[in-house]
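Structure first, commentary second.
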Amino acid sequence: MGKKRKQTSSKLEFFYERLATIVGRSFVQDIKKTFVEKPTTFRVNTLLSTRKDVEELLKQSGFTVRRVPWYSDAFILQNKSKRELMNHVLFEKGYIYVQSLASMVPPIVLNAKPGERVLDLTAAPGSKTSQIASYMEKTGELVANDKDQVRFFKLEHNMKKLGVIDEEKEDWKFTLTNEPGERLCREYNEYFDKILLDAPCSAESRFIEGKPKTYSYWSEKKVEELARLQRRLLKAAWSALKPGGILVYSTCTMAPEENELQISRFISECEDEVTLLPIAIDGLRRLSLLKDWQEKGNSKKMKHMLRIMPTKDIEGFFIVKLQKA
């Protein structure tokens, strides 16, 4: 056990050394302070309830919450435990969904509209899928896919609980699929108005010091392996996007190979076929893009990429919004 603990500790130190070469040694100390357990955060499921009703019921039950300034449907729990919140009738009935703040951002950026055709390519466990369905007001077509069978069953369960599955609504077509993203996209050539690719990633922003299980899997080799997978999924998703459509790509990692460099290479390969759109969310703190990595890509085209500043409340996140010509 001691040897294993030493190996994981050395792995974290190696990660910090690598991070220092990317963001600078002084900033690593600031990031270290954010590698802690985050407070419990949740989102109102507007498919089944309203913000006003949720706030009133929580207040009656003795819960104290704080509103998130950049997203009116999101809250931070101020007292009581996550377990107590998940035992509340609001959670049991699907009126609220416990979700990290950072993971709420990609659907906000995607901004799906009623009547559109939308794909959530790597959807499990469904937090973003249900958020997208809320934006669409369950009108139009939404396809939610995940290739992992265990995670797929969790996705299906959550979609039932949160009211996304609704066979009685005639103007709502919701489809769950369980297959590799590359294969699925071949079935939907230039079909979707909007696509969310919240890509499988090295999850560096979710490291917690003192909890080796949050980083024991990490290595530079793993980063490279995931970057290759992301590249394949990105190309596949692009083929399923109709001309004029929007693709939002996001990760919860700090690795440039999965973020700036990944997107810069994609833009260079697509040339005039892709436009990088600006992302504006008032109240959300940004982190500067990584200059050394900008030099390896096209810095002018990278200016609209978004890195969320990690804090003790929110993980670091990377998001881009691409439009197909």
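Heads up: the sequence shown runs through residues 39 to 363, numbered per the numbering used here.
C-beta: ideal position from N, C-alpha, C; glycine also.
From the options, pick the residue whose C-alpha is nearest to that of residue i; which is it?
| i | options | result |
| --- | --- | --- |
| glycine 282 | Leu315, Arg324 and His342 | Leu315 |
| alanine 161 | Glu263, Tyr287, His342 and Ala318 | Tyr287 |
| methionine 197 | His342, Asn125 and Thr215 | Thr215 |
| serine 277 | Leu360, Leu50 and Lys166 | Leu360 |
| isoleucine 319 | Asn83, Pro250, Ile69 and Trp108 | Trp108 |
| glutamate 295 | Glu307, Glu309 and Val261 | Val261 |
| lysine 176 | Glu309, Leu222 and Trp210 | Trp210 |
| lysine 362 | Glu311, Lys185, Lys166 and Tyr226 | Glu311 |
| cysteine 239 | Ala293, Tyr226 and Pro77 | Ala293 |
| proline 145 | Ile317, Lys259 and Phe190 | Ile317 |
For residue i, collect the residues of the same chain with a Cβ closer than 8 Å to its Cβ; drop the 5 residues on either side in sequence, then sort them by chain order.
| i | result |
| --- | --- |
| valine 66 | Tyr54, Leu57 and Ala58 |
| valine 156 | Leu148, Ala150, Ile170, Met174, Gly178, Glu179, Leu180, Val181, Phe230, Asp231, Lys232, Ile233 and Leu234 |
| lysine 49 | Tyr253, Ser254, Trp256 and Ser257 |
| asparagine 183 | Leu157, Asp158, Leu159, Thr160, Ala161, Leu214, Thr215, Asn216, Glu217, Gly219 and Leu222 |
| isoleucine 323 | With the sequence shown as reference, residue 323 is identified as arginine, and isoleucine is not the correct amino acid for it. Within the same chain, arginine 323 has close Cβ partners Ile346, Met347 and Thr349. |
| cysteine 308 | Trp276 |
| aspartate 204 | Lys176, Trp210 and Phe212 |
| serine 110 | Arg89 |
Would you tell me roughly how many angstroms separate the C-alpha atoms of residue i and residue j, rounded to the nearest one?
| i | j | result |
| --- | --- | --- |
| alanine 171 | lysine 232 | 13 Å |
| serine 87 | phenylalanine 113 | 15 Å |
| alanine 237 | arginine 269 | 10 Å |
| glutamine 98 | lysine 120 | 17 Å |
| leucine 344 | leucine 325 | 8 Å |
| glycine 100 | leucine 115 | 11 Å |
| glutamate 208 | serine 168 | 18 Å |
| glutamine 332 | isoleucine 301 | The pLDDT assigned to glutamine 332 is 47, lower than 50, so where the model puts this residue is not dependable; a value taken from the coordinates is nonetheless given after this. Their backbone Cα atoms lie some 11 Å apart in a straight line. |
| tyrosine 135 | threonine 102 | 16 Å |
| valine 92 | lysine 192 | 24 Å |
| glutamate 130 | leucine 123 | 9 Å |
| serine 165 | valine 82 | 11 Å |
| isoleucine 188 | glutamate 263 | Strictly speaking, residue 188 in this sequence is valine, with isoleucine absent from that position. Approximately 22 Å between the Cα atoms of the pair. |
| asparagine 117 | arginine 224 | 48 Å |
| histidine 126 | arginine 63 | 44 Å |
| leucine 137 | arginine 303 | First, the amino acid is wrong: residue 137 is glutamine here, not leucine. Rounded to the nearest angstrom, the two C-alpha atoms are 31 Å apart. |
| phenylalanine 15 | lysine 341 | In the structure as shown, the chain starts at 39 and stops at 363, and residue 15 therefore has no counterpart that could be examined. |
| glutamate 194 | tyrosine 226 | 21 Å |
| alanine 265 | valine 358 | 16 Å |
| serine 47 | arginine 104 | 35 Å |
| lysine 259 | isoleucine 284 | 31 Å |
Spatial neighbours of residue i within its chain, please: C-beta separation below 7 Å, excluding the five flanking residues on both sides.
| i | result |
| --- | --- |
| asparagine 149 | Tyr173 |
| leucine 139 | Thr79, Val106, Ala112, Asp351 and Ile352 |
| threonine 72 | Pro348, Thr349 and Lys350 |
| phenylalanine 355 | Ala140, Val143, Ser243, Ser288, Cys290 and Ile346 |
| isoleucine 246 | Phe73, Val74, Glu75 and Thr252 |
| lysine 241 | One detail in the question is off: residue 241 reads as alanine in this sequence, not lysine. The answer, listed in chain order, is Cys290 and Thr291. |
According to DSSP, residue i sits in a beta bridge with which residue or residues?
| i | result |
| --- | --- |
| aspartate 158 | Ala182 and Leu234 |
| threonine 313 | Gln361 |
| tyrosine 226 | According to DSSP, which records beta bridges pairwise, tyrosine 226 is partnered with nothing at all. |
| threonine 213 | Val181 |
| tyrosine 287 | Leu235 and Val358 |
| alanine 140 | Answer is none; alanine 140 lacks a bridge partner. |
| tyrosine 135 | Arg81 |
| valine 106 | Tyr109 |
| isoleucine 346 | Arg324 and Phe355 |
Could you name the residues of the same chain whose beta carbon sits closer than 6 Å to that of residue i, not counting the 5 residues immediately before and after it, in chain order?
| i | result |
| --- | --- |
| glycine 219 | Leu159, Leu271 and Ala274 |
If I'm right that residue i touches residue j with Cβ under 8 Å, what's the distance once you round it to whole angstroms?
| i | j | result |
| --- | --- | --- |
| glycine 378 | glycine 201 | There is no way to answer for residue 378, as the model of the chain reaches only from 39 to 363. |
| lysine 280 | glutamate 228 | 5 Å |
| leucine 128 | leucine 85 | Actually they are not in contact, since the Cβ atoms of leucine 128 and leucine 85 sit about 14 Å apart, beyond 8 Å. |
Less than 7 Å separating the Cβ of residue i from some heavy atom of the ligand FAD?
| i | result |
| --- | --- |
| alanine 140 | Looking for the ligand FAD in the displayed structure turns up nothing, as the structure carries no ligands at all. |
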